[in-house]
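**Student:**
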DNA sequence: GTGAAAGCGCTAACAA
DNA sequence: TTGTTAGCGCTTTCAC
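Residue numbers (this note's numbering), protein chains in the order written: chain A, 104 to 445; chain B, 104 to 445.
1. Which residues in chain B have a C-beta closer than 9 Å to the C-beta of residue 174/A? List them in chain order.
2. Where does residue 311/A fall in DSSP's three states?
3. Which of the three DSSP states is assigned to residue 205/A in this structure?
4. Give me, in chain order, the residues of the same chain whose beta-carbon lies closer than 7 Å to that of residue 232/A; leave out the 5 immediate sequence neighbours on both sides.
5. Helix, strand or coil: which one does DSSP assign to residue 286/B?
6. Going by beta carbon distance, what residues of the same chain come within less than 7 Å of residue 295/A, once the five residues before and after it are set aside?
7. Would you please verify whether the beta carbon of residue 380/A is less than 8 Å from any beta carbon of chain B?
8. Taking the straight line between their C-alpha atoms, what separation do you get for residue 212/A and residue 242/B?
9. Counting only beta-carbon separations shorter than 8 Å, does residue 156/B have a partner in chain A?
10. Here's the rule I'm using: 16 or more other beta-carbon atoms within 10 Å means buried, otherwise exposed. How should residue 140/A be labelled?
11. Just reading off the alpha helix (DSSP H) that residue 155/A is part of, what are its end residues?
12. Could you tell me whether the Cβ of residue 399/B comes closer than 8 Å to any Cβ of chain A?
13. Terminal residues of the continuous alpha helix (DSSP H) containing residue 129/A?
14. Residues in its own chain within less than 7 Å of residue 403/B by CB, not counting five upstream and five downstream?
15. Skipping 5 residues on each side, what residues in its chain have a beta carbon closer than 6 Å to that of residue 181/A?
16. Cβ of residue 291/B versus every heavy atom of the ligand GDP: is any distance shorter than 7 Å?
17. Quick one: complete alpha helix (DSSP H) runs, 4+ long, within the region 237-272 of chain A?
18. Quick one: does residue 134/B have its CB under 8 Å from some CB of chain A?
19. Go to residue 110/B, then tell me how far its alpha helix (DSSP H) extends in each direction, as first and last residue.
20. Using a beta-carbon distance cut-off of less than 7 Å, what residues from the region 138-157 of chain B approach chain A?
21. Roughly how many whole angstroms lie between the Cα atoms of residue 191/A and residue 422/A?
22. Hey, could you find the ends of the alpha helix (DSSP H) residue 401/B is sitting in?
23. Taking residue 185/A and residue 202/B to be in contact with their CB atoms under 8 Å, please state how far apart those CB atoms are, rounded to whole angstroms.
24. With a Cβ-Cβ cutoff of 8 Å, do residue 377/A and residue 392/A count as a contact?
25. By the criterion of Cβ-Cβ separation under 9 Å, what are the contact partners of residue 219/B in chain A?
26. Hey, which unbroken runs of the beta strand (DSSP E) at 3 residues or more fall wholly within the region 352-407 of chain B?
27. Spatial neighbours of residue 107/B within its chain, please: C-beta separation below 8 Å, excluding the five flanking residues on both sides.
28. Please report how far the alpha carbon of residue 113/B lies from the alpha carbon of residue 411/B, in whole angstroms.
29. So for residue 299/B, helix, strand or coil by DSSP?
30. If you pair each beta-carbon of the region 342-351 of chain A with each one of the region 279-298 of chain A, do three or more pairs fall below 8 Å?
31. Can you look up residue 216/B in the DSSP assignment and give me helix, strand or coil?
32. Straight-line CA distance for residue 407/A to residue 311/A?
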């Protein structure tokens, strides 16, 4: 295989030096139009491809940002990541994506790799298992910018873009209450975790605001997955008489609950009703489709990237927070009226 | 911000040269255990982070591969990409992911960028709009390895990992036929495209093998999206009496068809039945859940990466093809018996 | 076992 | 407008 064409090769071809060629190819104003055009032509003809590795080393600028998330096969992440990529492309930044699979060790490893790759900043949605703050502190100490999105790290003064976990849940549950529901259960996430706690508070606020009694035996703690939802409903059922409506901490949990409800031979929404925080693209194909508080995934991704790049460009280390509201999407549940199955 | 620690700084600290430090940190056998341990300790203490950009330039090896796909918010891509990342991590390669959004211009741009980044190879699922082969030929001409997965480029002798579009569709339709269906329609993708054509042939083969008549007015060409499915059913309905069962070229198309069927006031599977090529994680929550030919997304991703790395390591430019079979997943449709709605 | 020399391909600063 | 010099941080080769 022919060795790649470099600036020097082009320089020889046009009887100029590598510096001149370098400038010409980058449209540096130094170079005369005539020379530039000749160089461009020759470079094209020779099939020149700039070596970004060398350019980055020399210029000490990478225009790249590290993106770390737990998964991509997940409605929120898939969409927010797409938005981040789109926006980064528009601003001529490269994204280097790494996946943790909810493994904090891997997360720390990826941060090291990305630091080694000299990224200008980090966009991180932390893994469920992450406890140690020092890795993130380390990023900040090196003068790199860091923005958390959705899954933030607590105890660290750092920029973040989150959805309105509290208000979103409160609105969702309030909607059901306004429709006449009073006996409401909640399948919660872990409350030692920011998102789980915020959403749970939103649930409790909705109940309290409406003067309704919160039944501790109707609040089940667990994780955020389908399996957790399934098990959550089982526990709930074991606790005695069921509530009339269940709200869940996440869409995945609602799916697990739905499965368990079906297996129990009950019907949604007539026997027991179900609403959820979150959403999925397939929701409106379900029967019944769930009333949900939907995250603005793309918007969150876009704004997180925007915030990061702004911090990089302005060399601004202030921490800011953006709370993106959720949207209440009303479908066939949480309505408290018997509906005819389609 | 303190300037980053380099090999030279460590070298000064331990009264050795940068070369020695470099070797020690990479566990080069040259270095004595004593020296290495001291260097490791000092590097740790000083918070040394290797500069990968410099290392890559100097060593002329990046151990990274470019991954180009149309989307990630898509069941197949999300899963296959996760598998690719996992496998790459295991083999200590970096993945640089770029998204085209089905835009062939962007695709070409990304290929250029990745070449500039000196990736060792490419893993590509081409965009729907891509026509021009020369960009891919260009990769090969530079001696880089390229493996297509799922969405392959025709007219190019190149390695690929695909699912069994033909057999998967044939098996799916044959299943319904064995259950007694005879009047079967097909909402196809574009037939000027590899995938669309293969699947359509699979449909036709199933019909022909069973000695059934293929009604041209029951085969509707279109794209692969939900919208295409919706419109496809509308067209089908406009063509006169409906078939008893519809098979679709993709799961998304089936979703569109499902919506259109519902809006037409018909019921699946009793009024008209529906089966699909593809799958989604939410399928079993649908009522009815569709009988489908499922792609082994993770397996396909894993094998594509494996094939690529093998080609890179062995410096092998032979083209090979892997066809990963699909799995017939039987749910509530394609059974040709009246079922009680849950 | 350690280090000196050279260079990866490019760019920044300055000189001509 | 163009070129010279120097160096980015690291690795490779080869001499000691």
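Every residue gets a Cβ at the ideal spot worked out from N, C-alpha and C, and that includes glycine. From a predicted model like this one, the values you see are computed outputs, not experimental measurements.
**Tutor:** Well, looking at it:
1. As a working mapping, residue 174/A is identified with position 71 in the first chain. Think of a sphere of 9 Å around the beta carbon of residue 174/A: the chain B residues whose beta carbon falls inside it are 181, 185, in chain order.
2. Mapped onto the first chain, residue 311/A falls at position 208. Residue 311/A falls in the helix class under three-state DSSP.
3. Your numbering for residue 205/A matches position 102 in the first chain. Judged by DSSP in its simplified three-state form, residue 205/A adopts coil rather than helix or strand.
4. Within the first chain, numbered from 1, the residue matching residue 232/A stands at position 129. Hits under 7 Å: 205, 206, 207.
5. On the second chain, position 183 is the one that residue 286/B refers to. Assignment of residue 286/B by DSSP, reduced to helix, strand and coil, places it in the coil class.
6. Along the first chain, read from residue 1 onward, the residue named residue 295/A stands at position 192. Cβ neighbours of residue 295/A beyond the five flanking positions: none.
7. Start at 1 with the first residue of the first chain, and residue 380/A comes out as number 277. Between residue 380/A and chain B, the shortest Cβ-Cβ separation is not below 8 Å.
8. Reading the first chain from its first residue, position 109 is the one you call residue 212/A. Reading the second chain from its first residue, position 139 is the one you call residue 242/B. When rounded, the distance between both Cα atoms is 31 Å.
9. Walking along the second chain from the start, residue 156/B turns up at place 53. For residue 156/B, the answer is yes, since a Cβ of chain A falls inside 8 Å of its Cβ.
10. Taking the first chain and counting its residues from 1, the one referred to as residue 140/A is at position 37. When all chains shown are included, residue 140/A counts as exposed.
11. Within the first chain, residue 155/A is the residue found at index 52, counting from 1. Counting along the chain, the alpha helix (DSSP H) containing residue 155/A begins and ends at 155-162.
12. Residue mapping note: residue 399/B aligns to position 296 of the second chain, counting from 1. No, because no Cβ of chain A sits closer than 8 Å to the Cβ of residue 399/B.
13. Position 26 of the first chain, counting from 1, holds the residue named residue 129/A. It is not in any alpha helix (DSSP H) - residue 129/A carries neither H nor E in the DSSP assignment.
14. Here residue 403/B is taken as the residue at index 300 of the second chain, counted from 1. Excluding sequence neighbours, residue 403/B sits near 183, 252, 253, 264, 266, 427.
15. Residue mapping note: residue 181/A aligns to position 78 of the first chain, counting from 1. Non-local C-beta neighbours of residue 181/A in its own chain, meaning closer than 6 Å and more than five positions away in sequence, comprise 175, ordered along the chain.
16. Judged by which ligands are present, the structure shown has none, so any question about the ligand GDP falls away.
17. Within the region 237-272 of chain A, the complete alpha helix (DSSP H) segments at least 4 residues long are 237-244, listed from N- to C-terminus.
18. Here the question's residue 134/B lines up with position 31 in the second chain. It does not: the Cβ of residue 134/B has no partner Cβ on chain A nearer than 8 Å.
19. In the second chain, residue 110/B corresponds to position 7, counting from 1. Per DSSP, residue 110/B belongs to the alpha helix (DSSP H) from 110-117.
20. Going along the region 138-157 of chain B in chain order, one finds 152, 153, 154, 155, 156, 157 with a Cβ nearer than 7 Å to chain A.
21. Counting from 1 along the first chain, the entry for residue 191/A is found at position 88. Counting from 1 along the first chain, the entry for residue 422/A is found at position 319. When rounded, the separation of the alpha-carbon atoms in residue 191/A and residue 422/A is 21 Å.
22. Here the question's residue 401/B lines up with position 298 in the second chain. Under the DSSP assignment, residue 401/B falls in the alpha helix (DSSP H) whose first and last residues are 400-416.
23. For this step, residue 185/A is matched to residue 82 along the first chain. For this step, residue 202/B is matched to residue 99 along the second chain. Contact holds; Cβ gap of about 7 Å.
24. Translated into positions along the first chain, residue 377/A becomes position 274. Translated into positions along the first chain, residue 392/A becomes position 289. For residue 377/A and residue 392/A, no; Cβs fall outside 8 Å.
25. For the purposes of this step, residue 219/B is taken as residue 116 along the second chain, with counting starting at 1. By Cβ distance, chain A contributes 152, 153, 154, 155, 156, 158.
26. Those beta strand (DSSP E) runs which fall completely within the region 352-407 of chain B and span 3+ residues are 376-380, 394-397.
27. Numbered from its first residue, the second chain carries residue 107/B at position 4. Within the same chain, residue 107/B has close Cβ partners 152, 154.
28. As a first step, residue 113/B must be located in the second chain, where it is residue number 10. As a first step, residue 411/B must be located in the second chain, where it is residue number 308. Near 38 Å, if we compare the C-alpha coordinates of residue 411/B and residue 113/B.
29. In the second chain, counting from the first residue as 1, residue 299/B sits at position 196. In this structure, residue 299/B counts as helix in the three-state DSSP scheme.
30. Pairwise C-beta distances place the region 342-351 of chain A in contact with the region 279-298 of chain A, as three or more of them are shorter than 8 Å.
31. One-based indexing of the second chain puts residue 216/B at position 113. Residue 216/B carries a helical assignment under DSSP once its states are collapsed to helix, strand and coil.
32. Numbered from 1 along the first chain, position 304 holds the residue referred to as residue 407/A. Numbered from 1 along the first chain, position 208 holds the residue referred to as residue 311/A. Across the structure, residue 407/A and residue 311/A are spaced so that their CA atoms are roughly 33 Å apart.
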